[in-house]
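Visitor:
Numbering (this note's numbering), first residue to last: 5 to 144.
1. May I ask whether a heavy atom of the ligand COA can be found less than 6 Å away from the beta carbon of residue 143?
2. Taking the alpha helix (DSSP H) that residue 37 falls in, what are its first and last residues?
3. Quick one: what's got a C-beta closer than 6 Å to residue 69's C-beta in the same chain, skipping five residues either side?
4. Given a cut-off of 7 Å, decide if residue 82 and residue 32 are closer than it, judged by their beta-carbon atoms.
5. Measuring CA to CA, which of 11, 25, 12 and 29 is closest to residue 86?
6. Under three-state DSSP, which class holds residue 57?
7. Tell me the rounded alpha-carbon separation between residue 66 and residue 59.
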């Protein structure tokens, strides 16, 4: 993507989250890995040692561990807005997997896009934006 063709959006909040009780947007995590493959050994170690603690720390998130034969290690996360993301877990240590899952649990589920402007309103003023130097005279 170039600057003109890359995806971009205005700054916004997820359904006014934070106005009342904060609701984590992550709904479900599915860990896919092989029962015997060497590429899945770190994921198996994470599931055996760290997954229960992660699930206790995030009670609103449903966690599935799906061991299957000849499955590449990956994670599929689903958010409340219906968006899904899939990422590979190959060559990641258990602490890196935990860090990745923590990152997913703290995200809103909205696709990461380039922010067009810092300020956006659905009802723009005809008079324009006010700022500190609006009514000051300028001597150039």
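By construction, the Cβ of each residue, glycine as well, lies at the ideal position given by its N, Cα and C atoms. Being a predicted model, the structure only gives us computed values, none of them experimental.
Guide: The short version:
1. In the structure on display, the ligand COA does not appear, and there are no ligands present to speak of.
2. Stepping through the chain shown from its first residue, residue 37 is reached at position 33. Note, residue 37: premise wrong, no alpha helix (DSSP H); beta strand (DSSP E) at 30-38.
3. Residue 69 sits at position 65 when you count from the first residue of the chain shown. So the qualifying residues of the chain are 35 and 51.
4. Your numbering for residue 32 matches position 28 in the chain shown. Your numbering for residue 82 matches position 78 in the chain shown. Yes, the Cβ-Cβ distance between residue 32 and residue 82 is below 7 Å.
5. Here residue 86 is taken as the residue at index 82 of the chain shown, counted from 1. Minimum Cα distance to residue 86 is reached at 29.
6. Counting from one through the chain shown, the residue named residue 57 turns up at place 53. It is helical.
7. In the chain shown, residue 66 corresponds to position 62, counting from 1. In the chain shown, residue 59 corresponds to position 55, counting from 1. Cα-Cα distance, rounded: 8 Å.
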